[in-house]
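Quick note, in the numbering used here, the sequence shown goes up one by one and the last residue is 358.
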Amino acid sequence: MRVIKVRSLIPVRLDKYLMDQFPTLGPGRLNKALRENKIKLNGKKQPLATRVQNGDEIRLFILDDVLDGADGKGAVSGARCPAQPVYEDEQLLIVNKPAGLPSQGPSDEDNLESRVALYHAQNGGKGPAPQLCHRLDTGTSGLVVLAKTPEAEALMGQLIRDHKMRKSYVCVTFGRPRPEAASLEGYLVKDAAKGMVYIQQDNVPGARPVRTDYKTLAISGRLALLQVELITGRTHQIRAHLASIGCPILGDSKYGNNAANRELKLKYQALCAYELRFPDLHGTPLEAVSGKVLHCEKPWYYRQILDGTLK
Numbered sequence: 048m049r050v051i052k053v054r055s056l057i058p059v060r061l062d063k064y065l066m067d068q069f070p071t072l073g074p075g076r077l078n079k080a081l082r083e084n085k086i087k088l089n090g091k092k093q094p095l096a097t098r099v100q101n102g103d104e105i106r107l108f109i110l111d112d113v114l115d116g117a118d119g120k121g122a123v124s125g126a127r128c129p130a131q132p133v134y135e136d137e138q139l140l141i142v143n144k145p146a147g148l149p150s151q152g153p154s155d156e157d158n159l160e161s162r163v164a165l166y167h168a169q170n171g172g173k174g175p176a177p178q179l180c181h182r183l184d185t186g187t188s189g190l191v192v193l194a195k196t197p198e199a200e201a202l203m204g205q206l207i208r209d210h211k212m213r214k215s216y217v218c219v220t221f222g223r224p225r226p227e228a229a230s231l232e233g234y235l236v237k238d239a240a241k242g243m244v245y246i247q248q249d250n251v252p253g254a255r256p257v258r259t260d261y262k263t264l265a266i267s268g269r270l271a272l273l274q275v276e277l278i279t280g281r282t283h284q285i286r287a288h289l290a291s292i293g294c295p296i297l298g299d300s301k302y303g304n305n306a307a308n309r310e311l312k313l314k315y316q317a318l319c320a321y322e323l324r325f326p327d328l329h330g331t332p333l334e335a336v337s338g339k340v341l342h343c344e345k346p347w348y349y350r351q352i353l354d355g356t357l358k
């Protein structure tokens, strides 16, 4: 928390005063911080248009690296650090997204897009930064593909729609699935009002067929380490499908066991998109990744399940 005593000879808007003090706090970040009750003026939440006066007290419940961050050249950037590349060629950039980082968002906030833009700028990139071909949930870590050219973006979009790029995940579930390996099928129904999806066995209007394959890699007490292959790629599919068989992903606050999440101190779901398998792409602009299998570093919980320290 930062406590600021206003030093101003004339009344000034709260947002202008804060942006003058902390250039990294652009309008997007300020509005988000206010919505999350992270800005208090004289002990109360006040609109950003409120005029502050000499002697007023502002309390900011915002991380220091957000308040003080810059891109190393003195220029303000929404990204705290550049994206972590796993693979790059003239058409594609593939990066490892950390858990807790949104895939998209305003350019003045920390998200994967702003980190990719920072990486692009620091490495002499010309033209627009690479564009997302797909997304991961904020709490999910792992591999994300970005296109550098319109041709690559169109081809990647077709591969994803046709389910020709295979994606494998590792995750930890609270509960041991039975059987140890299976192919789960069903229909996914969205509840837009709640921002959730549900799995059911009967087809109803608006439902979409889903298939999720899993196999158990290790057991540690109440927990299981799974390898999951996403055959169809729907919103929250893995999270909802595993929860539907009584084995929610550890750390998942939406579909999981919140008592276990608090006990084991997991803030984000233990789910990582760790492998991408590309099909035969010879004769296309994506020939460089034809038949390639790419991996990111396995997440911390993978080793802790294997050695039994997380259970």
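Where is the CB? At the ideal position from N, CA and C, for every residue including glycine.
In this text, all values refer to a predicted model and were calculated from it rather than measured experimentally.
Since residue i and residue j should fall inside the 8 Å C-beta cutoff, what is the C-beta to C-beta distance between them, to a whole number of angstroms?
{"i": "Gln151", "j": "Glu137", "result": "Wrong, their Cβ atoms sit about 24 Å apart, outside the cutoff."}
{"i": "Leu190", "j": "Leu341", "result": "7 Å"}
In whole angstroms, what separates the C-alpha of residue i from that of residue j?
{"i": "Lys237", "j": "Glu344", "result": "32 Å"}
{"i": "Gln93", "j": "Tyr349", "result": "44 Å"}
{"i": "Ser124", "j": "Asp67", "result": "No answer about Ser124 holds up, because its pLDDT of 45 lies below 50 and its placement is not dependable."}
{"i": "Ala287", "j": "Val244", "result": "7 Å"}
{"i": "Leu318", "j": "Thr187", "result": "5 Å"}
{"i": "Leu193", "j": "Ile285", "result": "22 Å"}
{"i": "Gly147", "j": "Gln178", "result": "20 Å"}
{"i": "Ile105", "j": "Thr97", "result": "12 Å"}
{"i": "Tyr239", "j": "Pro58", "result": "The amino acid occupying residue 239 in the given sequence is Ala; Tyr does not appear at that position. Each residue's Cα considered, the two are about 44 Å apart."}
{"i": "Ile51", "j": "Pro74", "result": "19 Å"}
{"i": "Asp103", "j": "Leu61", "result": "10 Å"}
{"i": "Ile278", "j": "Arg324", "result": "12 Å"}
{"i": "Gln247", "j": "Pro295", "result": "16 Å"}
{"i": "Tyr261", "j": "Leu88", "result": "51 Å"}
With 16 as the cutoff for other CB atoms within 10 Å, does residue i come out buried or exposed?
{"i": "Asp184", "result": "buried"}
{"i": "Glu334", "result": "exposed"}
{"i": "Asp299", "result": "buried"}
{"i": "Asn84", "result": "exposed"}
{"i": "Pro360", "result": "In the structure as shown, the chain starts at 48 and stops at 358, and residue 360 therefore has no counterpart that could be examined."}
{"i": "Lys63", "result": "exposed"}
{"i": "Arg309", "result": "exposed"}
Using only CA atoms, which one of the options lies nearest to residue i?
{"i": "Leu77", "options": "Phe325, Glu156, Arg223", "result": "Glu156"}
{"i": "Thr220", "options": "Leu140, Ile352, Arg54", "result": "Ile352"}
{"i": "Gly204", "options": "Leu65, Lys85, His181", "result": "His181"}
{"i": "Ser337", "options": "Ser267, Arg162, Leu139, Leu72", "result": "Leu139"}
{"i": "Gln290", "options": "His329, Gly233, Lys312, Leu328", "result": "Checking the displayed sequence, the identity of residue 290 turns out to be Ala instead of Gln. Cα-wise, what sits closest to Ala290 is Gly233."}
{"i": "Ala199", "options": "His342, Arg54, Thr331", "result": "Thr331"}
{"i": "Arg225", "options": "Tyr321, Ile266, Arg324, Arg54", "result": "Ile266"}
{"i": "Glu227", "options": "Asn250, Ala271, Arg49", "result": "Ala271"}
Going by the C-beta, is residue i closer than 7 Å to any heavy atom of the ligand ZN?
{"i": "Tyr134", "result": "Because no ligand of any kind appears in the structure shown, any question about the ligand ZN cannot be addressed here."}
Examine the Cβ distances between the segment 164-173 and the segment 202-219 and report whether three or more of them are shorter than 8 Å.
no
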